[in-house]
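> Numbering (my numbering), first residue to last: 105 to 308.
We treat Cβ as the ideally placed atom computed from N, Cα and C, and that holds for glycine.
Below is one structure. I have some questions about it.
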Ligand code: SF4
Ligand code: SF4
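Next up, the structure:
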C-alpha cells in the first residue's frame with residue numbers, strides 16, 4: 105500500500121468511526137482499502153488515464169454484484185452517514201425502484217442524480233470497474249463490447265480482499281476454520297447477489 109493511499113484509507117476511517125464500529129464494517133473497510141490499492145496500482149501501469157469521470161454513470165445501470173456484507177454496508181452507510189436530505193432522496197429512490205423495477209438491469213437504487221449515494225462504501229464490483237478509451241455509452245457493457253478497454257486488476261488481490269471479510273461470515277454461515285483460496289472463491293460466488301435484487305424498499 106503506497107503511503108498516500110494508506111493515508112487516504114486512514115482519513116476515511118477517521119471520518120466514519122460510527123460506521124466502522126458496526127459488526128463487520130472494519131473488515132470490509134480493510135478489504136476496500138486493499139481493492140482500491142490494487143486498482144490504483146493497475147491503473148498506474150496503463151498508458152492513459154481512465155475514461156471514467158464525475159457524472160459518468162452508465163455502469164450503474166446494469167446488474168451490480170454484491171456480497172451480503174457489502175449490502176449491509178450500503179444500508180448502514182445510508183442510515184448513519186447520509187444527511188437527512190440525501191436520506192430522503194434515497195428513500196424516494198428505493199420506493200421508485202420498488203415500483204418500477206422490471207428488470208435486474210435497471211439502475212442501482214443508490215444512483216442519485218447521476219452520482220453514487222454511497223460512494224465511500226460502494227461494492228468491490230463498482231470499485232474495480234474502470235474503463236479506458238472513451239466513456240461507456242448508454243446501455244453499453246464494456247466487458248462485452250470492448251473488453252480490452254476494461255481494467256483487469258489482479259484477481260489474487262481482489263480475492264485476498266474478499267477473504268479479509270471471512271470472519272464476519274464465519275459467525276453467520278457454516279464455514280470450516282481453514283478454507284483454501286478456491287473454497288473461499290466458491291463461497292463468495294455462492295452468496296453474491298445483485299444490488300437490483302435486494303428488497304431495498306423494505307429497508308427504507
Ligand atoms: S465504467 Fe463506463 S460508465 Fe462507468 S464511469 Fe467508467 S466510463 Fe463511465
Ligand atoms: S453503489 Fe454506487 S457506484 Fe455502485 S452501482 Fe450503485 S450508484 Fe453505482
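Pull up the distance between the alpha-carbon of residue 141 and that of residue 264, whole angstroms please.
As a working mapping, residue 141 is identified with position 37 in the chain shown. As a working mapping, residue 264 is identified with position 160 in the chain shown. Rounded to the nearest angstrom, the two C-alpha atoms are 12 Å apart.
> Smallest Cα separation from residue 145: which of 305, 267, 307, 256?
On the chain shown, residue 145 is found 41 positions in, with the first residue counted as 1. The option with the nearest alpha carbon to residue 145 is 256.
> Between residue 228 and residue 139, which are expected to be in contact by the criterion C-beta below 8 Å, what is the C-beta distance as a whole number of angstroms?
In the chain shown, the residue the question calls residue 228 occupies position 124. In the chain shown, the residue the question calls residue 139 occupies position 35. Right, the Cβ-Cβ distance comes to about 5 Å (below 8 Å), so this counts as a contact.
> Just checking my contact of residue 253 with residue 242 at CB under 8 Å: how many whole Å lie between their CB atoms?
Walking along the chain shown from the start, residue 253 turns up at place 149. Walking along the chain shown from the start, residue 242 turns up at place 138. Incorrect: roughly 17 Å between the Cβ atoms, too far for contact.
> Give the C-beta separation of residue 279 and residue 135 to the nearest angstrom, bearing in mind that I take them to be a contact with Cβ-Cβ under 8 Å.
By 1-based counting over the chain shown, the position of residue 279 is 175. By 1-based counting over the chain shown, the position of residue 135 is 31. Not quite, the Cβ-Cβ distance comes to about 17 Å (not below 8 Å), so this is no contact.
> What number of angstroms, rounded off, separates the C-alpha of residue 281 from the C-alpha of residue 258?
Taking the chain shown and counting its residues from 1, the one referred to as residue 281 is at position 177. Taking the chain shown and counting its residues from 1, the one referred to as residue 258 is at position 154. Roughly 26 Å separates the two Cα atoms.
> Cβ atoms of residue 220 and residue 164: under 8 Å apart, would you say?
In the chain shown, the residue the question calls residue 164 occupies position 60. In the chain shown, the residue the question calls residue 220 occupies position 116. Closer than 8 Å, so yes.
> Let me confirm a value: residue 171 is counted as buried when at least 16 other C-beta atoms fall within 10 Å, else exposed. Which label applies?
In the chain shown, the residue the question calls residue 171 occupies position 67. Flag for residue 171 reads buried.
> May I ask you to check if the CB of residue 215 is nearer than 7 Å to at least one heavy atom of ligand 2?
As a working mapping, residue 215 is identified with position 111 in the chain shown. The answer is yes for residue 215.
> May I have the straight-line CA-CA distance separating residue 105 from residue 268, to the nearest angstrom?
The residue you call residue 105 lines up with position 1 of the chain shown. The residue you call residue 268 lines up with position 164 of the chain shown. Caution is warranted here: a pLDDT of 38 is assigned to residue 105, below 50, making its placement in the model unreliable, and the coordinate value is therefore given only provisionally. Between residue 105 and residue 268, the C-alpha separation is close to 16 Å.
> Got a sec? Which residues, its chain only, sit under 6 Å from residue 222 by beta carbon, not counting five neighbours each side?
On the chain shown, position 118 is the one that residue 222 refers to. Cβ neighbours of residue 222 beyond the five flanking positions: 178, 181, 214.
> Going by DSSP in three states, residue 242 sits in which element: helix, strand or coil?
In the chain shown, residue 242 corresponds to position 138, counting from 1. In this structure, residue 242 counts as coil in the three-state DSSP scheme.
> For the alpha helix (DSSP H) that contains residue 286, what are its first and last residues?
Residue 286 sits at position 182 when you count from the first residue of the chain shown. Residues 285–295.
> So within the region 211–236, which uninterrupted alpha helix (DSSP H) runs reach at least 4 residues, ignoring any that extend past its ends?
Listed in chain order, they are 228–232.
> Under a three-way DSSP split, which group does residue 265 fall into?
Here residue 265 corresponds to residue number 161 of the chain shown, with the count starting at 1. Residue 265: helix per DSSP, three-state reduction.
> Secondary structure at residue 302, three-state DSSP: helix, strand or coil?
Position 198 of the chain shown, counted from the start, is the residue given in the question as residue 302. In the structure shown, residue 302 sits in coil (DSSP, three-state: anything other than H, G, I, E or B).
> Under the DSSP definition of a beta bridge, which residues are partnered with residue 169?
On the chain shown, position 65 is the one that residue 169 refers to. For residue 169, which the question treats as bridged, DSSP gives the partners 298.
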